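Novice:
Number of protein chains: 2
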Amino acid sequence: MNNFIYNIPVKVYFGENQLQHLSEELAKFGKRVLLTYGGGSIKRTGLYDAVVAEVKKAGMELFELSGIEPNPRIDSVRRGAQMCKEHHIDVLLAVGGGSTIDATKFMAAGAKVDHDPWDFFNEKWAPITEALPIISVLTLSATGSEMDAGGVISNPETNDKLGRVESPILLPKVSFLDPTVTYTVSAYQTACGAADMLSHIFEVYFNMDEDLYMLDCFMEGMMKTIIKYAPIAIKEPENYEARANLMWTSSWAINGFINGGKRKAWSCHPMEHEVSAYYDITHGLGLAIITPRWMEFCLSEKTVSKYVQFGVNVFGIDANQPAMDIAKQAIEKVKEFLFTTLGLKSTFTELGIGDEHIRTMARKACKDSVLPGFVPLNKEDIEVIFRNCL
Amino acid sequence: MNNFIYNIPVKVYFGENQLQHLSEELAKFGKRVLLTYGGGSIKRTGLYDAVVAEVKKAGMELFELSGIEPNPRIDSVRRGAQMCKEHHIDVLLAVGGGSTIDATKFMAAGAKVDHDPWDFFNEKWAPITEALPIISVLTLSATGSEMDAGGVISNPETNDKLGRVESPILLPKVSFLDPTVTYTVSAYQTACGAADMLSHIFEVYFNMDEDLYMLDCFMEGMMKTIIKYAPIAIKEPENYEARANLMWTSSWAINGFINGGKRKAWSCHPMEHEVSAYYDITHGLGLAIITPRWMEFCLSEKTVSKYVQFGVNVFGIDANQPAMDIAKQAIEKVKEFLFTTLGLKSTFTELGIGDEHIRTMARKACKDSVLPGFVPLNKEDIEVIFRNCL
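Line by line, the protein sequences are chains A and W. Its first residue numbered 1, the first sequence is counted upward by one per residue in my numbering. Its first residue numbered 1, the second sequence is counted upward by one per residue in my numbering.
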């Protein structure tokens, strides 16, 4: 069992109307705030007005950067870092989902350096030693960016989509999680968010490192939570219980707690990043399509015990069957949940993705080497998985 | 569902040989350290030498306060607060179990005020607005003091044992959790620790507040972890997997995460504090004796659903039975675990406790009013529960 360090000093206000505490939290960090957001949805819902009112209540000077893309782009990060420098910003206020919060993290780090923020991601891997403080107001339960120290940025010029984690420097200082804010999230985005959260847990759970049983129990509990509540949230968008369970699960699926001493790298995320770098699809949808094919590819006598644990504890599959049978039923249950219950598209073909870039994407996903994870994957392996998604 | 604030900025080094990072963590807080501990066990095991070596490595000046009692007393707190003032201590280093860490928290707070530290607990309820930083090195998996913001202090002059929580002021800044340090913990203390942890979870889980399913799943996972690993740790004291699971569970059973929006007060702890205030018994043992009788007392048509959830999900009791039958079987399972599997004594009588103080203890436990919790208890109710423990 490996050692680990636990260190997640994010303060979270959870629940309805907690936003009234935003002004007092903002004021702790200075006088000048850069508000970052994506499209106009926060204006339609009234969240923008509520946030601006809090900034005023705090007596702070407000600067704004809008238009952060889904699969956020390095140009937005560059723009934000530049604004922080120009306007001597003290604190960044990200209002949105994972894309907005991810981009804001690297604006906060970019504000502290003279070089291009893309150097945080490319082969230069420029150090991140400090960042401006970030407060987030979450609008979508999915990526967990509100409580983790990482993010993923796209560079359309190079078809790259790359991630970086710097803990605890890039952790938001404070995050506001109000389940009612997610009432307006569409059925499709709710489904993609659920797939993303599930994948965050799968990436850690499916791992042959010896680790803490206690954490496996927690992961199984979170998977059951998503499976129970995502369909409810889709059918009844204003079901508080469902939205609340999904929201708090999104944070804990990726904040690092469940990792414990597990060190194996992730598998589906790096593969999906290649697909969304080339095709700009929704991250959670890409994961939903890839995940069951990855599970099928990795199933062997060596790994079957993990599938059995998963199938029995999460889906309640009868344990008195041959291990391989349980494992295959478990994978079918995952497909059924993603493609039938959540109603997500199940193939690349349905998204208009052909095999034109498959070889390149496979090569890039493993950096022409091996993707070390649950089962190590080379470019040929990844190509097989991608082809099975067509 | 109630709102809540999550804020647990404790950094935890988990695993073997993590103590090598103690010097760098200590050095962040200043030059003068007060080392606090209980009896001589840390000298016998070599932990004392290892800790002192780290203090030296950090180039810090060392002061020591030893002899902190199990059920730590206000006199120790007074002594520690006084030493902090006299020697201009920058950081406190608590090496021990919950008693040592609890006492150290109030030394750290006492160092910042002019009044008697007992005023933090008595009817004056003096405010705690600041405290010296604390680092803890845990030696016993039980109270969770290493990751929570509270503690319980005894005053033998008044037969009082009172608790206080001040979050985040009293949270340790850093805690070191090395499961191998607990290899020397006796079977009896391991059992008492398990009973204490279980009680921390019961106090939150048995609660009719509507709350997050996700957190109930986590609690069930922790209960299963304790039930699985405590017997192993008792039989094989050097089983790393068992000790590690118990250690990380001890922290998460009480650090506040599982509370979510639940606001109901605790029940068994305030009752047990009265018993150990009068008889100085081990806290976990007192809880083990009281808990099943409290469960029996609180069982009714109104509360039975929670017992059913518990029995089915934690003990795997067949769900296809009348609810009351499942509930009673669940309580029997708790008794069997505590008194047979863990081998703890099952009655006050076996500890030499008679009925001489029962009325007074019951009165004090509810402060002559009502103990608001899972089921509100008045002094007559508590007296019944105490008598059922005889």
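Cβ atoms here follow ideal geometry from the backbone N, Cα and C, with glycine treated the same way. Note that this is a predicted model, so its numbers are computed, not measured.
Closest Cβ-Cβ distance between Val137 of chain A and chain W: below 7 Å?
Specialist: False, the Cβ-Cβ gap to chain W never drops below 7 Å.
Novice: Can you give me the start and stop residues for the beta strand (DSSP E) that Leu93 of chain A sits inside?
Specialist: Note, Leu93 of chain A: beta strand (DSSP E), Val91 to Gly96.
Novice: Give me the Cβ distance between Ala365 of chain A and Glu274 of chain A, rounded to the nearest whole Å; I'm assuming they're in contact under 8 Å.
Specialist: The pair is a contact, with the Cβ atoms about 5 Å apart (cut-off 8 Å).
Novice: Nearest by alpha-carbon distance to Leu138 of chain W: which of W:Leu177, W:Phe386 and W:Ala233 is it?
Specialist: Comparing Cα positions, the closest option is W:Leu177.
Novice: At a CB-CB cut-off below 7 Å, which residues of chain A make contact with Lys28 of chain W?
Specialist: Going along chain A, no residue has its Cβ under 7 Å from Lys28 of chain W, so there is no contact; the nearest lies around 13 Å.
Novice: Would Pro172 of chain A pass as an interface residue toward chain W - the criterion being a Cβ-Cβ separation below 7 Å?
Specialist: So no, Pro172 of chain A is outside the interface.
Novice: Determine the chain W residues that contact Gln18 of chain A at a beta-carbon separation under 7 Å, and present them in chain order.
Specialist: Neighbours of Gln18 of chain A on chain W, chain order: Asn3.
Novice: Cα separation between Leu204 of chain W and Ile258 of chain W?
Specialist: Going by the sequence as given, residue 204 of chain W is Val instead of Leu. Answer to the nearest angstrom: the Cα atoms are 7 Å apart.
Novice: Do you know offhand how far Thr158 of chain A's Cα is from Thr349 of chain A's?
Specialist: Going by the C-alpha atoms only, they are around 24 Å apart.
Novice: DSSP state of Ile135 of chain W, grouped into three classes?
Specialist: Correct three-state label for Ile135 of chain W: strand.
Novice: Could you work out which residues of chain W lie near Thr228 of chain A, taking near to mean beta carbons separated by less than 8 Å?
Specialist: In the sequence under discussion, the amino acid at residue 228 of chain A is Lys, which differs from the Thr named in the question. Ordered by position in chain W, the residues that pass the 8 Å Cβ test against Lys228 of chain A are Tyr213.
Novice: Kindly list, in the order they appear in chain W, the residues whose Cβ is closer than 7 Å to that of Phe218 of chain A.
Specialist: Residues of chain W passing the Cβ test: Phe218 and Gly221.
Novice: Cα-Cα, which of W:Ile101, W:Asn320, W:Thr100 and W:Glu130 is closest to Asp114 of chain W?
Specialist: Closest by alpha carbon: W:Glu130.
Novice: Could you tell me if Lys161 of chain A is buried or exposed, where buried requires 16 or more neighbouring beta carbons within 10 angstroms of its beta carbon?
Specialist: Its Cβ being crowded by 16 or more others within 10 Å, Lys161 of chain A is buried.
Novice: Any idea what DSSP makes of Thr36 of chain W, helix, strand or coil?
Specialist: Looking at Thr36 of chain W - three-state DSSP - the assignment turns out to be strand.
Novice: Can you give me, in chain order, the residues of the segment 225-250 of chain A that have a beta carbon less than 8 Å from any beta carbon in chain W?
Specialist: Listed by position, the residues of the segment 225-250 of chain A near chain W (Cβ gap below 8 Å) are Thr225, Lys228, Tyr229, Tyr240, Glu241, Ala244, Asn245, Trp248 and Thr249.
Novice: May I ask which residues mark the beginning and end of the alpha helix (DSSP H) holding Asp75 of chain A?
Specialist: Counting along the chain, the alpha helix (DSSP H) containing Asp75 of chain A begins and ends at Ile74 to Glu86.
Novice: Can you check DSSP and say which residues form a bridge with Ser41 of chain W?
Specialist: According to DSSP, which records beta bridges pairwise, Ser41 of chain W is partnered with nothing at all.
Novice: Is Lys364 of chain W helix, strand or coil by DSSP?
Specialist: In the structure shown, Lys364 of chain W sits in a helix (DSSP, three-state: H, G or I).
Novice: List, from N- to C-terminal side, the beta strand (DSSP E) runs of 3 residues or more that fit wholly inside the segment 198-240 of chain A.
Specialist: Complete beta strand (DSSP E) runs here, min 3: none at all.
Novice: Closer than 7 Å, CB to CB, is Asn320 of chain A near chain W or not?
Specialist: It does not: the Cβ of Asn320 of chain A has no partner Cβ on chain W nearer than 7 Å.
Novice: Could you list which residues in chain W have their beta carbon closer than 9 Å to that of Phe310 of chain A, in chain order?
Specialist: Simply none; closest approach about 14 Å.
Novice: Check for me: the alpha helix (DSSP H) holding Glu16 of chain W runs from which residue to which?
Specialist: Taken as a continuous stretch (DSSP letters only), Glu16 of chain W belongs to no alpha helix (DSSP H), as it is neither H nor E.
Novice: Using 7 Å as the threshold, is the C-beta distance between Ile232 of chain A and Ala244 of chain A below it?
Specialist: In this structure, Ala244 of chain A does not lie closer than 7 Å to Ile232 of chain A by Cβ.
Novice: Let me see if you follow: with CB-CB separation under 7 Å, is Gly15 of chain W close to chain A or not?
Specialist: Answer yes: the Cβ-Cβ gap between Gly15 of chain W and chain A drops below 7 Å somewhere.
Novice: Per the DSSP calculation, Arg359 of chain W is bridged to which residue(s)?
Specialist: Answer is none; Arg359 of chain W lacks a bridge partner.
Novice: Starting from Asn393 of chain A and walking both ways along the beta strand (DSSP E), at which residues does that stretch end?
Specialist: Because chain A spans 1 through 390 in this model, residue 393 of chain A falls outside it and cannot be assessed.
Novice: Should Arg263 of chain A be labelled buried (16 or more other beta-carbon atoms within 10 Å of its own) or exposed?
Specialist: Flag for Arg263 of chain A reads exposed.
Novice: Within this structure, are the beta carbons of Leu390 of chain W and Leu344 of chain W separated by less than 7 Å?
Specialist: No. Outside cutoff.
Novice: Is there a Cβ from chain W that is less than 7 Å from the Cβ of Pro9 of chain A?
Specialist: With 7 Å as the cut-off, Pro9 of chain A counts as an interface residue toward chain W.
Novice: Tell me which residue opens and which closes the beta strand (DSSP E) that Gly150 of chain W is part of.
Specialist: Segment Gly150 to Asn155, the beta strand (DSSP E) holding Gly150 of chain W.
Novice: For Val113 of chain A, would you say it is in contact with chain W, using Cβ-to-Cβ distances shorter than 7 Å as the test?
Specialist: False, the Cβ-Cβ gap to chain W never drops below 7 Å.
Novice: Assign His269 of chain A to buried or exposed, taking buried as 16 or more other Cβ atoms, counted over all protein chains shown, within 10 Å of its Cβ.
Specialist: His269 of chain A should be labelled buried.
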